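Heads up: the structure comes next, in structure tokens.
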Amino acid sequence: MSSISIIGTGNMARTIGTLAIAGGNSVEVMGRDESKAADLARTLGSGATAGQWGAVPAGDIVIVALLFDGVVPTVTRYADALAGKVIVDISNPFNAEFDGLAHHGQTSIAQEVAKVAPAGSSVVKAFNTVFRNVLENGRPDVFIAGDSAQAKADVATFVKSLGLRPLDVGELRMAHWLEGAGLLTVGLARNGVGHWDFALGATEFLG
Numbered sequence: 082m083s084s085i086s087i088i089g090t091g092n093m094a095r096t097i098g099t100l101a102i103a104g105g106n107s108v109e110v111m112g113r114d115e116s117k118a119a120d121l122a123r124t125l126g127s128g129a130t131a132g133q134w135g136a137v138p139a140g141d142i143v144i145v146a147l148l149f150d151g152v153v154p155t156v157t158r159y160a161d162a163l164a165g166k167v168i169v170d171i172s173n174p175f176n177a178e179f180d181g182l183a184h185h186g187q188t189s190i191a192q193e194v195a196k197v198a199p200a201g202s203s204v205v206k207a208f209n210t211v212f213r214n215v216l217e218n219g220r221p222d223v224f225i226a227g228d229s230a231q232a233k234a235d236v237a238t239f240v241k242s243l244g245l246r247p248l249d250v251g252e253l254r255m256a257h258w259l260e261g262a263g264l265l266t267v268g269l270a271r272n273g274v275g276h277w278d279f280a281l282g283a284t285e286f287l288g
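Counting with my numbering, you get residues 82 to 288 for the letters of the sequence shown.
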């Protein structure tokens, strides 16, 4: 199983942490508010610990479970503490109206993370197309993008431990389109599907 550190103490951190513990992984919770991190670790139970904000994460995979505007500053703050780690960005950079992306140009939060991440680390985009309630109660596909085949394989192993199916969409530049897919899910929830209890996935048709 995997050794995971989660930076963040919000709803997605709680949900991924819960699934990770149930899947037999070890989980370290790190938060700017260290009392909240300790509370979440206690809630997650056996197999979870609280780490010190800014210290070297214990996990080989570091999931940055923060709002999009806090991801790059946090990775910058951690700096060399993330050397050699697989950094997973799960964020969606939606604008205030939730009808467009907050950044401009063909980039993504994950690509911007890669610009400031320390040497020897690898960045993977994952989990951003899945609503939290679906992650809690369903078995959605998890799309992943990254430039390192080994990093993606490590994340895929972790995803499988959660009982979910990882689907590799290609290099890290595809994270831009994954963020667009995250926006697409919001449009579907508000319009054609009409609720939030669904996820994008892939269905194979074998003739």
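Here a beta-carbon is modelled for each residue, glycine too, at the ideal position from N, C-alpha and C.
In this text, all values refer to a predicted model and were calculated from it rather than measured experimentally.
Our two residues, residue 112 and residue 284, have alpha carbons roughly 38 Å apart in a direct line. Three or more Cβ pairs closer than 8 Å define a contact, and the stretch 259 to 279 meets that threshold against the stretch 175 to 194. If the five residues before and after residue 87 are omitted, its C-beta is found closer than 6 Å to the C-beta atoms of 94, 98, 110, 144 and 146, all from its own chain and listed in chain order. Your pair residue 223 and residue 142 does not check out as a contact, with CB atoms roughly 13 Å apart and the cut at 8 Å.
For the pair residue 164 and residue 250, the Cα-to-Cα distance works out to about 25 Å.
Counting only runs of 3+ residues, the beta strand (DSSP E) found wholly inside the stretch 119 to 157 occupies 129 to 131 and 142 to 145, in chain order. Contact between residue 229 and residue 206 does not hold, since their C-beta atoms are separated by about 12 Å, which reaches or exceeds 8 Å. Within the same chain, 112, 117, 118 and 121 come within 6 Å of residue 90 by CB-CB distance, once the 5 residues on both sides are set aside. Counting along the chain, residue 248 sits inside no alpha helix (DSSP H); it lies in the beta strand (DSSP E) bounded by residues 246 to 251. Between residue 170 and residue 204, the CB-CB gap stays under 8 Å.
The beta carbon of residue 187 sits closer than 6 Å to the beta carbons of 257 from its chain, once the five residues preceding and following it are set aside; these are given in chain order.
A contact is defined here as three or more CB-CB pairs under 8 Å, and the stretch 126 to 138 meets this definition with respect to the stretch 99 to 109. Approximately 6 Å separates the beta-carbon atoms of residue 215 and residue 278; this is inside 8 Å, confirming the contact. For residue 235, there is no enclosing beta strand (DSSP E); the residue is found in the alpha helix (DSSP H) stretching over 230 to 242. 8 Å or more divides the Cβ of residue 202 from the Cβ of residue 140. Residue 196: member of the alpha helix (DSSP H) spanning 190 to 197, first to last residue.
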